[in-house]
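With the numbering used here as the guide, the letters of the sequence shown map in order to residues 22 to 379.
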Amino acid sequence: MTEDYVPDVAPDNILDNLRTAVVCLDDSLRVTYLNTASEMLFGVSARHCQKEVFDRALPYLADHRSRLTHALTEGAAYTDRELQLVAGDGEALIVDCTVTPFTQRDGRAALLLEFLSLDRQLRISRDDQMRVQNLANREMIRGLAHEIKNPLGGLRGAAQLLEREIGDAALTEFTAVIIREADRLQNLVDDMLGPRRPPDKTPINIHEPLEHVRALITTELPADVRLIRDYDPSIPEIPADREQLIQIFFNLVGNAVTALGGSGDILLRTRTQRLFTIGGIQHRLVSRVDVIDNGPGIPKDLLPRIFHPMVSSRAEGSGMGLPIAQYLVHLHDGLIECESRPGQTVFSVFLPMEAAHG
Ligand SMILES: Nc1ncnc2c1ncn2[C@@H]1O[C@H](COP(=O)(O)OP(=O)(O)OP(=O)(O)O)[C@@H](O)[C@H]1O
Ligand SMILES: [Mg+2]
22 MTEDYVPDVA PDNILDNLRT AVVCLDDSLR VTYLNTASEM LFGVSARHCQ
72 KEVFDRALPY LADHRSRLTH ALTEGAAYTD RELQLVAGDG EALIVDCTVT
122 PFTQRDGRAA LLLEFLSLDR QLRISRDDQM RVQNLANREM IRGLAHEIKN
172 PLGGLRGAAQ LLEREIGDAA LTEFTAVIIR EADRLQNLVD DMLGPRRPPD
222 KTPINIHEPL EHVRALITTE LPADVRLIRD YDPSIPEIPA DREQLIQIFF
272 NLVGNAVTAL GGSGDILLRT RTQRLFTIGG IQHRLVSRVD VIDNGPGIPK
322 DLLPRIFHPM VSSRAEGSGM GLPIAQYLVH LHDGLIECES RPGQTVFSVF
372 LPMEAAHG
């Protein structure tokens, strides 16, 4: 390296592409810098944090004033592993955190804070396990569904023949039951088999299928349920199958409507998200669609199994809405996640901007 070496990449550019959240505080513990990963981790905007005292800008750090002050005045660096940071509203993050004092160009003391989110990493490995397990489950379910489909067709056909032969209204009532129940099973089996064709991906503005679903659902919305939009219109087009996206969002919004049981709010929110790992591949940019409702939440015992086939808390539910949505999201190399507590349930669909192979 020569003395007048100038890097090709601006330091800000490098810092904003780091997965580690980086925050700088000055000697009065005010925020002087915050990179993109910090914005994502703490859910804040760098512009709003600028010059703010750290605990107002980043409520997650509110309990750490004395340690930060000590690090600053004593010049003592420290690292906390698997530290739990809790914000005012009870939301928690798990991070590895390193605090390093340094001296600014003007000679004043400052702190460099680095956070590596473990939450997301723990979740990534869980996602991967889930994807593998889902694939295996799907194979088994498809096999089973095929086995049911043929005899079911035979059963229905025979009941129809019988119905024609007996002609006695009191008895055809029974054949009608057989036919109706066979049709119900047929629908279930079709759901279990999943889409018959691979996705037909064309560039799509994510808001188009979302708006389609909104229009469909609005017609049957109870009077006290509000469907609110918070779209980021700058999201670039993504390669996707329109029909399949409609199916995904329809299942999610439909569940939210059901969960609200007549009154409440559903928020459809779209965003882009940088540096997001799906199935071991780190994407520079993904689009994110959140379907949020303020209903009662998903029962705790159900939550870990929510994407499994035939898991339902409703007598008339087949429990196929979420596994189908998840399967279709996976066909788009995407990821679907759920977080739920009483009063707030969020289903998030992440879809990569670029096709995985090309
Ligand atoms: N937004 C939500 N709020 C509360 N519970 C939910 C929500 N979304 C899903 N659930 C729970 O997850 C279960 C499974 O959902 P899923 O869509 O897979 O099946 P279903 O809605 O019961 O039946 P189907 O969609 O096949 O008609 C639901 O029965 C419900 O208990
Ligand atoms: Mg459903």
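Every residue gets a Cβ at the ideal spot worked out from N, C-alpha and C, and that includes glycine. This one's a predicted model, so the numbers in the text were calculated from it and none came from an experiment.
{"Query": "Going by DSSP, what residue range makes up the alpha helix (DSSP H) through S59?", "Result": "T57 to F63"}
{"Query": "Hey, out of R217, N272, G282 and L266, whose CA is closest to A244's CA?", "Result": "G282"}
{"Query": "Output the boundary residues of the beta strand (DSSP E) element that contains Q125.", "Result": "Taken as a continuous stretch (DSSP letters only), Q125 belongs to no beta strand (DSSP E), as it is neither H nor E."}
{"Query": "So, helix, strand or coil for P28, using DSSP?", "Result": "coil"}
{"Query": "Less than 9 Å between the C-beta atoms of L306 and D251, yes or no?", "Result": "no"}
{"Query": "What I want to know is whether the C-beta of M341 ends up closer than 8 Å to one or more non-hydrogen atoms of ligand 1.", "Result": "yes"}
{"Query": "Can you say whether P325 is buried or exposed, counting buried as having 16 or more other CB atoms within 10 angstroms of its CB?", "Result": "exposed"}
{"Query": "Taking Cβ to Cβ, would you say A78 is nearer than 9 Å to H69?", "Result": "yes"}
{"Query": "Contact defined as beta carbons within less than 8 Å: I believe N272 pairs with L343. What is the distance between those atoms, to the nearest angstrom?", "Result": "7 Å"}
{"Query": "Who are the near neighbours of P363 in its chain, counting only those whose CB is closer than 8 Å to its CB and skipping five residues on each side?", "Result": "P317 and G318"}
{"Query": "Can you give the Cα-Cα distance for D48 and S333, rounded to whole angstroms?", "Result": "55 Å"}
{"Query": "Just to confirm my understanding: we take T100, look at its own chain, exclude 5 residues before and 5 after, and list those with CB closer than 6 Å. What are they?", "Result": "T119"}
{"Query": "For E241, does the count of other Cβ atoms within 10 angstroms reach 16, so buried, or fall short, so exposed?", "Result": "exposed"}
{"Query": "Could you check where the alpha helix (DSSP H) with A261 kicks off and where it finishes?", "Result": "Unbroken run through A261 is the beta strand (DSSP E), I259 to A261; no alpha helix (DSSP H)."}
{"Query": "Please work out which residues of its chain come closer than 8 Å, Cβ to Cβ, to Q347, disregarding the five sequence neighbours upstream and downstream, and give them in chain order.", "Result": "N155, F328 and I357"}
{"Query": "Going straight from the alpha carbon of I259 to that of T293, what length do you get?", "Result": "11 Å"}
{"Query": "Kindly give me the distance between the Cβ atoms of T291 and V274, rounded to whole angstroms, as I take these residues to be in contact under 8 Å.", "Result": "Actually they are not in contact, since the Cβ atoms of T291 and V274 sit about 13 Å apart, beyond 8 Å."}
{"Query": "If you scan the stretch 51 to 118 from start to end, which runs of the beta strand (DSSP E) of 3 or more residues do you find wholly inside it?", "Result": "52 to 55 and 99 to 107"}
{"Query": "Here's a check: name, in chain order, each residue in its chain whose Cβ is nearer than 6 Å to the Cβ of I313, leaving out the five neighbours to either side.", "Result": "L288 and V367"}
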